[in-house]
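When we follow the working numbering, the leftmost residue of the sequence shown carries the number 4, and every step to the right adds one.
Inspection log for the structure reproduced underneath, given as structure tokens.
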Amino acid sequence: MKRVSTYVIFLTVLLGLTFSGAKAAVFCASNSGGLQIILDAIEDSGDAHEVRLVDGLYEAPVGGFEVDLTNDTSIDISGGWSEFFGNPCGQQLTGNAFNTVLDGMGTEQILHVIARDNSDIKISHLYFGSGFVTGVTGRGGGLRITGLEGFVGYVVVENNAFINNSARFGGALNISRGFRVDVRNNLFAYNHTEVGAAVEIVTGEFGAYFNNNTVYGNTTDDTDPEWTAGLFLSVIDSSGLVANNIFWNNDLHDLKITGGNSYFKFNDYESYVGNFDHVEMNIQVEPEFENGFVGYIPVYDSPLVNGGTQPLAITPTPFEHGWEVGSTDLYGNPRIQNTQIDIGATESPHGDLIFMDGFE
Numbered sequence: 004m005k006r007v008s009t010y011v012i013f014l015t016v017l018l019g020l021t022f023s024g025a026k027a028a029v030f031c032a033s034n035s036g037g038l039q040i041i042l043d044a045i046e047d048s049g050d051a052h053e054v055r056l057v058d059g060l061y062e063a064p065v066g067g068f069e070v071d072l073t074n075d076t077s078i079d080i081s082g083g084w085s086e087f088f089g090n091p092c093g094q095q096l097t098g099n100a101f102n103t104v105l106d107g108m109g110t111e112q113i114l115h116v117i118a119r120d121n122s123d124i125k126i127s128h129l130y131f132g133s134g135f136v137t138g139v140t141g142r143g144g145g146l147r148i149t150g151l152e153g154f155v156g157y158v159v160v161e162n163n164a165f166i167n168n169s170a171r172f173g174g175a176l177n178i179s180r181g182f183r184v185d186v187r188n189n190l191f192a193y194n195h196t197e198v199g200a201a202v203e204i205v206t207g208e209f210g211a212y213f214n215n216n217t218v219y220g221n222t223t224d225d226t227d228p229e230w231t232a233g234l235f236l237s238v239i240d241s242s243g244l245v246a247n248n249i250f251w252n253n254d255l256h257d258l259k260i261t262g263g264n265s266y267f268k269f270n271d272y273e274s275y276v277g278n279f280d281h282v283e284m285n286i287q288v289e290p291e292f293e294n295g296f297v298g299y300i301p302v303y304d305s306p307l308v309n310g311g312t313q314p315l316a317i318t319p320t321p322f323e324h325g326w327e328v329g330s331t332d333l334y335g336n337p338r339i340q341n342t343q344i345d346i347g348a349t350e351s352p353h354g355d356l357i358f359m360d361g362f363e
């Protein structure tokens with residue numbers, strides 16, 4: 004367990020419920036040292052906790068940030084917070100993932116969460132950049148969530164940007180085990196692996212939803228033609244749904260899936276490996292994005308605009324419709340505009356244009 008010098012930490016009590024349904028203490032960190040102190044303090048408490056990060060830069064310590072959850076402790080870590088009426092984490096104004104930067108500086112894994120039993124995990128509104136880990140067990144240069152044997156908690160990773168991270172496996176993100184995994188509204192761009200994919204998800208009993216993400220320009224040293232530098236999803240003995248994602252310009256293939264009952268629908272992709280049981284309304288069109296910082300907002304006449312799908316409200320709910328689109332996109336804008344959702348991690352403001360033929 005890491006120990007660092009003392010920093011001021013703001014603690015309050017949240018009057019409400021977290022994603023796990025339990026009452027939570029709310030912690031606020033404004034620097035790297037304070038963040039690790041909080042993680043050390045809560046890891047075996049047996050409660051649900053929310054950890055809020057003030058907008059700014061957090062450089063990973065040697066070995067990276069780490070929290071080992073025991074005794075059914077749950078955690079919700081989010082960025083984008085600022086001062087409001089004396090509370091340094093009193094408001095989350097935009098939810099823009101690029102405003103709260105976790106930096107591995109090209110030498111450190113950024114965040115490792117170890118989970119057991121019924122611990123729930125949520126990670127949101129953060130920028131994971133320049134994370135690095137190698138070696139035989141080097142997984143998740145940006146974020147690694149390790150579910151030990153018997154882990155049956157829920158995992159949610161949403162509204163994050165993973166850029167320029169590197170690892171032996173899972174250059175950007177690695178998730179192992181969990182009852183249910185939701186990965187949505189994230190950007191995975193220009194990450195690198197020595198072996199395999201930038202995003203690795205191996206889940207169990209219920210399955211995984213991977214929707215409205217942009218997986219772009221990821222690379223690998225791997226030369227196996229049956230592999231991918233984008234997404235690897237293993238849902239053996241469970242189910243997986245991949246919907247509304249952009250997969251493009253990744254080495255080898257864009258994604259690989261193994262096992263389970265699987266759905267692949269309303270994605271923009273170049274190629275995939277493995278067999279989906281249900282394939283519906285996918286396109287293969289090179290995405291065009293607007294200019295700007297990082298960007299990834301589709302141009303006005305892109306087929307990505309209003310090109311996605313949404314789950315239907317059906318009772319009882321079948322797996323295919325049990326997913327969520329989330330309330331905001333990568334930049335904190337409303338996730339659904341003009342009644343229909345876009346493909347990818349960002350929502351274009353162009354959906355309200357009536358004329359799309361150049362005469363507007």
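Where is the CB? At the ideal position from N, CA and C, for every residue including glycine.
Model, not experiment: these values are computed from the prediction.
Specify the secondary structure class of Gly-24 as computed by DSSP and reduced to three states.
-> For Gly-24, the pLDDT reaches just 42, beneath the cut-off of 50, and the residue's location in the model is therefore unreliable, although a value from the coordinates is still provided. The answer is coil: DSSP assigns Gly-24 none of H, G, I, E or B.
Of the residues Val-328, Val-302, Thr-318, which one's Cα is nearest the Cα of Thr-312?
-> Of the listed residues, the one whose Cα sits closest to Thr-312 is Val-328.
Those residues which DSSP pairs with Gly-210 across a bridge = The partner list for Gly-210 (beta bridge, DSSP) reads Arg-183, Ser-242.
Could you check the C-alpha separation between Leu-244 and Gly-66 for me, to the nearest Å?
-> One alpha carbon belongs to Leu-244, the other to Gly-66, and they sit about 34 Å apart.
Determine contact between the segment 258 to 268 and the segment 219 to 227, defined as no fewer than three beta-carbon pairs at a distance below 8 Å.
-> Taking a cut-off of 8 Å on C-beta distances, the segment 258 to 268 does not touch the segment 219 to 227, as fewer than three cross pairs fall below it.
Identify whether Ala-348 lies in helix, strand or coil by the three-state DSSP scheme.
-> Looking at Ala-348 - three-state DSSP - the assignment turns out to be coil, as it is neither helix nor strand.
Quick check: the segment 180 to 192 against the segment 136 to 155, are there 3 or more CB pairs under 8 Å?
-> Three or more Cβ pairs closer than 8 Å define a contact, and the segment 180 to 192 meets that threshold against the segment 136 to 155.
Could you tell me the boundaries of the beta strand (DSSP E) in which Ser-81 lies?
-> Under the DSSP assignment, Ser-81 falls in the beta strand (DSSP E) whose first and last residues are 77 to 87.
Alpha carbon to alpha carbon, what distance is there between Thr-318 and Ser-169?
-> Distance between the alpha carbons of Ser-169 and Thr-318 is about 42 Å.
Hey, quick one: how far does the beta strand (DSSP E) through Ala-38 stretch, first residue to last?
-> According to the sequence provided, residue 38 is Leu. The question's Ala does not apply to it. Here Leu-38 belongs to no beta strand (DSSP E); instead the alpha helix (DSSP H) covers 35 to 45.
What is the DSSP secondary structure of Gln-287, reduced to helix, strand or coil?
-> Here Gln-287 sits in coil by DSSP.
Near Asn-102, which residues of its chain fall below 6 Å by C-beta distance, leaving aside the five closest residues on each side in sequence?
-> Excluding its 5 nearest sequence neighbours in each direction, Asn-102 has C-beta neighbours in its own chain below 6 Å: Asp-58, Gly-83, listed in chain order.
If you check the beta carbons only, do Gly-156 and Gly-134 fall under 8 Å apart?
-> No.
Would you kindly work out how many angstroms separate the C-alpha atoms of Val-302 and Ala-316, rounded to a whole number?
-> Roughly 31 Å separates the two Cα atoms.
Starting from Gly-310, follow the beta strand (DSSP E) in both directions and report where the run begins and ends.
-> Per DSSP, Gly-310 lies in no beta strand (DSSP E) segment and is marked neither H nor E.
Compute the beta-carbon to beta-carbon distance between Leu-72 and Arg-119, rounded to the nearest angstrom, for a pair I have assumed lies under 8 Å.
-> Distance from Leu-72 to Arg-119 at the Cβ level is roughly 6 Å; contact confirmed, criterion being Cβ atoms closer than 8 Å.
May I have the straight-line CA-CA distance separating Arg-6 from Asn-270, to the nearest angstrom?
-> Residue placement at Arg-6 is flagged as unreliable, the pLDDT there being 33, under the threshold of 50; the coordinate-derived value follows with that caveat. So the two alpha carbons sit approximately 44 Å from each other.
Cβ distance (whole Å) where Gly-132 is taken to contact Asn-188 below 8 Å = Rounded, the Cβ-Cβ distance is 18 Å, inconsistent with contact.
Would you mind sorting Ser-274 into buried or exposed? The rule is 16 or more other CB atoms within 10 Å of its CB.
-> Ser-274 comes out exposed.
Starting from the Cα of Glu-69, find the closest Cα among Ile-286, Gln-94, Gly-36 and give me that residue.
-> For Glu-69, the nearest C-alpha among the options comes from Gly-36.
When Phe-322, Ile-113, Asn-214 are compared against Glu-62, the one with the closest alpha-carbon = Selected option, being the one with the closest Cα: Ile-113.
Proximity of Leu-307 and Ile-249 at Cβ, strictly below 8 Å | Cβ atoms of Leu-307 and Ile-249: closer than 8 Å.
Limits of the unbroken beta strand (DSSP E) element including Val-139 = Here Val-139 belongs to no beta strand (DSSP E), and DSSP marks it neither H nor E.
Could you please give the first and the last residue of the uninterrupted beta strand (DSSP E) stretch that includes Trp-251?
-> It spans 249 to 251 - the beta strand (DSSP E) in which Trp-251 sits, taken as one unbroken run.
Taking the continuous beta strand (DSSP E) assigned at Val-158, which residues delimit it?
-> Where Val-158 is concerned, the enclosing beta strand (DSSP E) stretches over 157 to 161.
Identify, in the order they occur along the chain, each residue of the same chain with its Cβ nearer than 7 Å to the Cβ of Ser-241, setting aside the five sequence neighbours on each side.
-> Closer than 7 Å at the Cβ level, and outside the excluded window around Ser-241, lie Thr-206, Gly-207, Glu-208, Phe-209, Gly-210, Gly-263.
Nearest-angstrom Cβ-Cβ length linking Ala-246 and Tyr-299, presumed shorter than 8 Å | Contact between Ala-246 and Tyr-299 does not hold, since the beta-carbon distance rounds to 18 Å and is not under 8 Å.
C-alpha gap between Ser-81 and Arg-142, whole angstroms | Whole-angstrom Cα-Cα distance: 22 Å.
Spatial neighbours of Phe-76 within its chain, please: CB distance less than 8 Å, with the 5 preceding and 5 following residues excluded, ordered by chain position.
-> The amino acid at residue 76 is misidentified as Phe; the sequence shows Thr. Cβ neighbours of Thr-76 beyond the five flanking positions: Ile-45, Glu-46, Asp-47, Ser-48, Gly-49, Asp-50, Ala-51, His-52, Ser-122.
From the DSSP output, in three-state form, read off Phe-235 for me.
-> In the three-state DSSP reduction, Phe-235 falls in the strand class (E or B).
Exposed unless 16 or more other CB atoms sit within 10 angstroms - verdict on Ser-33 | With 16 or more Cβ atoms within 10 Å of its Cβ, Ser-33 is classed as buried.
Is Ala-201 helix, strand or coil when you go by DSSP?
-> Looking at Ala-201 - three-state DSSP - the assignment turns out to be coil, as it is neither helix nor strand.
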